[in-house]
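Order-wise, the sequence lines are chains A and B. So the number in the working numbering is just where the residue sits in the first sequence, counting from 1, plus 2. So the number in the working numbering is just where the residue sits in the second sequence, counting from 1, plus 103. Don't be surprised by glycine CBs; every beta carbon is placed ideally from N, CA and C. Notes for the one structure printed next.
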Amino acid sequence: MEKYIQGKLTEKEWQEFDALLKVDSDFKEEVEFHNDLKRVAESEDDAAFKEIVSDFESEARMEKPTAKRFPVKWLVAASIALIACLTYILTLDSTTSTQALFAENFEPYRNVVHPIVRGEEGQNKKTNAFAAYQIGDYETALPLLDELYANTKEPYYLFYRANALIVLNRAKEAVPLLQEHLRTNDTLVKNSPWYLAMAYLQLDDKENAKKMLHEVVKNEGYKVNEAQKLLEALK
Amino acid sequence: MDNQAVKDLRSDDRLKLKALYNQYRAEFLGFGKRYSLDQDALADVYQEAFLALRKRAINGKLGNIQSSLKTYLFGIGKYMIFDALKEKNRNVSYESNMHLVGEEIPAIELDSKPALTQEQLLLRKYFKELGEKCRQVLTLFYYRGLNIEEIAQAAGYGNANVVKAQKSRCLKTLRQLINS
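As structure tokens, then:
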């Protein structure tokens, strides 16, 4: 029986089968039962699958709104990335060039106020301050210079403090000091415009840097040539 | 024809079946636009075509087909579209839309199944009253034509004997229901 259902009866078995079918009514009933069952199972399976496919269709329709050809999310992401890139490139150009110009041109002004003679170290605060400044230890020098200015109000301290601050990447604090210095009639004031320009360069303030450089050129003194070259570069 | 796809059609793997369904759906709906059927009717046709395709896969009729699954599926669909158009308008001939057809998709005629007989309808009633396990085993045996070992594997039974016992229990129940 199983073989019949499987459709795997041999020729000989088929003959036996047919013979039995004709003769035995019980057998016939049995065969019909199995045929019916096959048909029913098929019909049920089809119905079930039809349900499943219908679900697929509903689900496909529900998903439709989001399945755009070009998902908006990607467009947004892409344009943000593009804007970011452009901004970076555009700002990159100006910041590196001002920073580069700063690096090329800035040098802290040398100690001309209180030259340190070997052996003198540690004698007093002023010596210590300028000794530190001279060897490039601006971190130590700065607080000392601040104190000295507070006590003596000597204008050159403003100048040197500003220089130290610029070296220490604190150009922002240096600017007011240099501006103050310019108001005095210290001998070093002719140098201050240049250093103000340097400070502005460090701060990426192209406009003010150019202004100060024009000053330098006008004064026709300290760093005139360098100022002119810089103005060209900053155009 | 893609063997893996045919295998998937014969399987009970809902995810794979859904993937296949979705794979060609959009294209079919686009393909069907040229015939004057509305989108809902087209979607119905697509479902019917997909069902028919699956049936053929189960009956082993896709084994020797040379064309791709897509071509075959669309062929079935095309035939069904013509049938639907014929229903709407008696004067539509099968060839009248040929000039619109770009690709070479032959319309594939299907053998229709006769309706269930009285006995079969009755049997179906009782069949539905059987538990799910019973219906599964009997379907695999009678409709899908798997043998006992294959059923044991497919349905996750421990061994063949368990399947045999289950099958005879189910048949017994069914007969009892009929005779009551």
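Going along chain A, which residues have a C-beta under 8 Å from residue i?
{"i": "N125 (chain B)", "result": "F58, A62"}
{"i": "E222 (chain B)", "result": "E34, D38"}
{"i": "R117 (chain B)", "result": "I54"}
{"i": "L219 (chain B)", "result": "R41, V42, S45"}
In chain B, what lies closer than 8 Å to residue i by C-beta?
{"i": "F51 (chain A)", "result": "L154, R157"}
Please state if the CB of residue j and the CB of residue i are separated by a distance shorter than 8 Å.
{"i": "G133 (chain B)", "j": "V148 (chain B)", "result": "no"}
{"i": "K212 (chain A)", "j": "L180 (chain A)", "result": "no"}
{"i": "M183 (chain B)", "j": "A144 (chain B)", "result": "no"}
{"i": "A199 (chain A)", "j": "V218 (chain A)", "result": "yes"}
{"i": "A133 (chain A)", "j": "I118 (chain A)", "result": "yes"}
{"i": "A255 (chain B)", "j": "N262 (chain B)", "result": "yes"}
{"i": "A176 (chain A)", "j": "A201 (chain A)", "result": "yes"}
{"i": "L233 (chain B)", "j": "R227 (chain B)", "result": "no"}
{"i": "L188 (chain B)", "j": "Y127 (chain B)", "result": "no"}
{"i": "V266 (chain B)", "j": "V240 (chain B)", "result": "yes"}
{"i": "E44 (chain A)", "j": "Y246 (chain B)", "result": "yes"}
{"i": "A173 (chain A)", "j": "L147 (chain A)", "result": "no"}
{"i": "L154 (chain B)", "j": "F51 (chain A)", "result": "yes"}
{"i": "Y162 (chain A)", "j": "Y135 (chain A)", "result": "yes"}
{"i": "Q150 (chain B)", "j": "S27 (chain A)", "result": "no"}
{"i": "K192 (chain A)", "j": "N171 (chain A)", "result": "no"}
{"i": "F244 (chain B)", "j": "K216 (chain B)", "result": "no"}
{"i": "E182 (chain A)", "j": "N107 (chain A)", "result": "no"}
{"i": "A79 (chain A)", "j": "N125 (chain B)", "result": "no"}
{"i": "S194 (chain A)", "j": "L205 (chain A)", "result": "no"}
{"i": "A39 (chain A)", "j": "F29 (chain A)", "result": "Note that residue 39 (chain A) is Leu in the sequence shown, not Ala. In this structure, F29 (chain A) does not lie closer than 8 Å to L39 (chain A) by Cβ."}
Helix, strand or coil for residue i, going by three-state DSSP, please let me know.
{"i": "K164 (chain B)", "result": "coil"}
{"i": "I179 (chain B)", "result": "helix"}
{"i": "Y158 (chain A)", "result": "helix"}
{"i": "D105 (chain B)", "result": "coil"}
{"i": "H300 (chain A)", "result": "Since the displayed chain A opens at 3 and closes at 237, residue 300 (chain A) lies outside it and no answer follows."}
{"i": "Q230 (chain A)", "result": "helix"}
{"i": "D116 (chain B)", "result": "coil"}
{"i": "R272 (chain B)", "result": "helix"}
{"i": "K231 (chain B)", "result": "coil"}
{"i": "A218 (chain B)", "result": "coil"}
{"i": "L156 (chain B)", "result": "helix"}
{"i": "Y260 (chain B)", "result": "coil"}
{"i": "S60 (chain A)", "result": "helix"}
{"i": "V219 (chain A)", "result": "helix"}
{"i": "Y111 (chain A)", "result": "coil"}
{"i": "K237 (chain A)", "result": "coil"}
{"i": "N165 (chain A)", "result": "helix"}
{"i": "Y90 (chain A)", "result": "helix"}
{"i": "R185 (chain A)", "result": "helix"}
{"i": "T12 (chain A)", "result": "coil"}
Listing by chain order, which chain A residues have their CB less than 9 Å from the CB of residue i?
{"i": "Q150 (chain B)", "result": "K52, V55, S56, F58, E59"}
{"i": "R128 (chain B)", "result": "F58, E59, A62"}
{"i": "A146 (chain B)", "result": "E59, A62, R63"}
Taking residue i as the query, report the chain A residues whose CB atoms sit under 7 Å from its CB, ordered along the chain.
{"i": "K121 (chain B)", "result": "F58"}
Which whole-angstrom value describes the C-beta separation of residue i and residue j, a residue pair presumed to lie in contact below a C-beta threshold of 8 Å?
{"i": "Y140 (chain A)", "j": "L150 (chain A)", "result": "With 8 Å as the limit, Y140 (chain A) and L150 (chain A) do not qualify as a contact, their Cβ atoms being about 14 Å apart."}
{"i": "L172 (chain B)", "j": "D105 (chain B)", "result": "5 Å"}
{"i": "T100 (chain A)", "j": "K208 (chain A)", "result": "6 Å"}
{"i": "I179 (chain B)", "j": "R113 (chain B)", "result": "Actually they are not in contact, since the Cβ atoms of I179 (chain B) and R113 (chain B) sit about 17 Å apart, beyond 8 Å."}
{"i": "T242 (chain B)", "j": "D47 (chain A)", "result": "5 Å"}
{"i": "F131 (chain B)", "j": "V42 (chain A)", "result": "That belief does not hold up - the Cβ atoms of F131 (chain B) and V42 (chain A) are roughly 31 Å apart, past 8 Å."}
Can you name the residues of chain B whose CB is closer than 9 Å to the CB of residue i?
{"i": "E46 (chain A)", "result": "R227, F230, K231, R238, T242, Y246"}
Name the chain B residues whose beta carbon is nearer than 7 Å to that of residue i?
{"i": "V42 (chain A)", "result": "Q223, L226, R227, F230"}
At a Cβ threshold of 8 Å, is residue i touching chain D?
{"i": "E235 (chain B)", "result": "Given the protein chain composition of this structure (A and B), no chain D is represented."}
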